[in-house]
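Protein chains in written order, with the working numbering: chain A, 281 to 459; chain B, 281 to 459. A virtual CB, placed ideally from N, CA and C, is assigned to each residue, including glycine.
Number of protein chains: 2
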Amino acid sequence: MIVIKKKTLNKQNNFGNKGQELESSINDSNKFYNENNIAYIDKKPTPIKVSEVKGKLITKAFYEKQSTLDYSGIYKKRYIEFEAKSTKSTTSLPYENIKRHQFEHLDKIYKLGGISFLLIEFSVLNEYYVLSYEQIMKYYSKSLQKSIKREFILKYGYKIKQGYHPRLYYLDCVDKLLK
Amino acid sequence: MIVIKKKTLNKQNNFGNKGQELESSINDSNKFYNENNIAYIDKKPTPIKVSEVKGKLITKAFYEKQSTLDYSGIYKKRYIEFEAKSTKSTTSLPYENIKRHQFEHLDKIYKLGGISFLLIEFSVLNEYYVLSYEQIMKYYSKSLQKSIKREFILKYGYKIKQGYHPRLYYLDCVDKLLK
Chain A
281 MIVIKKKTLN
291 KQNNFGNKGQ
301 ELESSINDSN
311 KFYNENNIAY
321 IDKKPTPIKV
331 SEVKGKLITK
341 AFYEKQSTLD
351 YSGIYKKRYI
361 EFEAKSTKST
371 TSLPYENIKR
381 HQFEHLDKIY
391 KLGGISFLLI
401 EFSVLNEYYV
411 LSYEQIMKYY
421 SKSLQKSIKR
431 EFILKYGYKI
441 KQGYHPRLYY
451 LDCVDKLLK
Chain B
281 MIVIKKKTLN
291 KQNNFGNKGQ
301 ELESSINDSN
311 KFYNENNIAY
321 IDKKPTPIKV
331 SEVKGKLITK
341 AFYEKQSTLD
351 YSGIYKKRYI
361 EFEAKSTKST
371 TSLPYENIKR
381 HQFEHLDKIY
391 KLGGISFLLI
401 EFSVLNEYYV
411 LSYEQIMKYY
421 SKSLQKSIKR
431 EFILKYGYKI
441 KQGYHPRLYY
451 LDCVDKLLK
């Protein structure tokens, strides 16, 4: 998940590490969906190259580049994969937040018949959206703009209902995508 | 993937680390399926808990328990997840090779409508099989035996055709499961 760094955030406002909060909200929701046998969606571990081990302790290792997206799993028999993005902007999600290989992966999953989307948080507004890759691609390829505007997300995305547990009812939005 | 350790294997025969060979064969097959836009199936990274980082170098970390299976992905819109198991036995796959949480996870995916199975290698015989969770469960729950017999696998599983690239045509067997 690519988000503004904690230090930068703390300097500028009091919202703390919104990226980690988003991750924690999604993990909570996935736990709820799993416990209720609605879906199984998992955060992928970051791949790490281990180069030295002493007993059970890893003493030398490196982070490897993640080639896929943040979350993947199964919902209504279908394969689901999505990337979670958080922005402090109140008007748009900058494209620089989304890496090229992430777009390519969204595209691959879409073409194989999977459900691929972005889960977007506007942290200052406390708003969450599901925006399908299909809609992003239509917009992205036609536009020279440097971000996905909030108006576009309001029009083509689905707003996520918030609660206590699950924190984010994001599969309700996926139901709408499937229609 | 749970396999006999390299040292033990090298002492006992000349087959080398069959577990790693199986992994490499599956990775090669997945690469083929991915490049030909047939499926996207990925080996899950082993989760590692990082507790100390110096710059870009991880200097202290621990392996965490894998709660899911070896491989997961998308094929024909469906979610697919499987565990690869290698045995030197020529007559059966010992159940001790399959951990309880792995059975539970196969069960979860099956109940959510996913495709869940074991990919079994009889390394000495150079034979590979796809055995669906559904069949394993029928057998497992009825039997007090300590292994899945090869005869059972021959009867209820599907033998995987071998080639150069892909090494293992295991999705042909999945097609049979889907019928």
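Within chain A, partners of residue i - CB distance below 7 Å
i	result
residue 308 (chain B)	Going along chain A, no residue has its Cβ under 7 Å from residue 308 (chain B), so there is no contact; the nearest lies around 17 Å.
residue 378 (chain B)	The premise fails here: residue 378 (chain B) is roughly 19 Å from chain A at the closest Cβ pair, so nothing lies under 7 Å.
Rounded straight-line distance, which links the Cα of residue j to that of residue i
i	j	result
residue 459 (chain A)	residue 376 (chain B)	44 Å
residue 387 (chain A)	residue 411 (chain B)	31 Å
residue 398 (chain B)	residue 439 (chain A)	39 Å
residue 419 (chain B)	residue 455 (chain A)	36 Å
residue 292 (chain B)	residue 365 (chain B)	Any reading at residue 292 (chain B) must be qualified, since the residue scores a pLDDT of 37, below 50, and its modelled position is unreliable; the value itself is stated next. So the two alpha carbons sit approximately 19 Å from each other.
residue 341 (chain B)	residue 342 (chain A)	11 Å
residue 432 (chain B)	residue 322 (chain B)	28 Å
residue 405 (chain A)	residue 370 (chain A)	7 Å
residue 359 (chain B)	residue 319 (chain B)	10 Å
residue 333 (chain B)	residue 339 (chain A)	10 Å
residue 430 (chain A)	residue 311 (chain A)	29 Å
residue 379 (chain A)	residue 345 (chain A)	12 Å
residue 408 (chain B)	residue 325 (chain A)	29 Å
residue 416 (chain B)	residue 451 (chain B)	19 Å
residue 381 (chain B)	residue 300 (chain A)	28 Å
residue 331 (chain B)	residue 335 (chain A)	16 Å
residue 362 (chain A)	residue 453 (chain A)	13 Å
residue 328 (chain A)	residue 337 (chain A)	14 Å
residue 457 (chain A)	residue 414 (chain A)	10 Å
residue 400 (chain A)	residue 385 (chain A)	17 Å
residue 313 (chain B)	residue 313 (chain A)	30 Å
residue 315 (chain A)	residue 446 (chain A)	11 Å
residue 383 (chain B)	residue 383 (chain A)	34 Å
residue 436 (chain B)	residue 437 (chain A)	45 Å
residue 317 (chain B)	residue 317 (chain A)	30 Å
Residue-level contact to chain A via CB, residue i, 9 Å cutoff
i	result
residue 322 (chain B)	yes
residue 430 (chain B)	no
residue 361 (chain B)	yes
residue 339 (chain B)	yes
Chain B contact for residue i (CB, 9 Å cutoff)
i	result
residue 486 (chain A)	Given a span of 281 to 459 for chain A in the structure shown, any question on residue 486 (chain A) remains unanswerable.
residue 449 (chain A)	no
residue 342 (chain A)	yes
residue 303 (chain A)	no
residue 392 (chain A)	yes
residue 330 (chain A)	yes
residue 355 (chain A)	yes
residue 352 (chain A)	yes
residue 371 (chain A)	no
7 Å Cβ cut-off: residues of chain B touching residue i
i	result
residue 327 (chain A)	325
residue 316 (chain A)	Within chain B, no residue comes near residue 316 (chain A); the closest Cβ sits about 11 Å away, beyond 7 Å.
residue 388 (chain A)	320
Supposed contact pair residue j and residue i - C-beta distance, whole angstroms, cut 8 Å
i	j	result
residue 403 (chain A)	residue 367 (chain A)	7 Å
residue 373 (chain A)	residue 427 (chain A)	6 Å
residue 309 (chain B)	residue 448 (chain B)	5 Å
Beta-carbon neighbours of residue i, restricted to chain A and to distances below 9 Å
i	result
residue 440 (chain B)	Here the premise fails: no neighbours, minimum Cβ distance about 22 Å.
residue 412 (chain B)	In chain order: nothing, as chain A lies at least about 15 Å away.
Chain-ordered chain B contacts of residue i [CB-CB under 9 Å]
i	result
residue 311 (chain A)	None at all; the shortest Cβ gap to chain B is about 12 Å.
residue 348 (chain A)	320, 322
Residue i: contacting residues in chain B (beta-carbon distance under 8 Å)
i	result
residue 336 (chain A)	342, 343
Min CB distance residue i to chain E below 9 Å
i	result
residue 386 (chain B)	Absence of chain E from the displayed structure is noted, the protein chains being A and B.
- Query: Can we say the segment 389 to 397 of chain B touches the segment 337 to 356 of chain A, given the rule of at least three CB pairs closer than 8 Å?
  - Reply: yes
Check your understanding: Is the segment 434 to 452 of chain B touching the segment 303 to 311 of chain B in the sense that three or more CB pairs, one from each, lie closer than 8 Å?
Key -> yes
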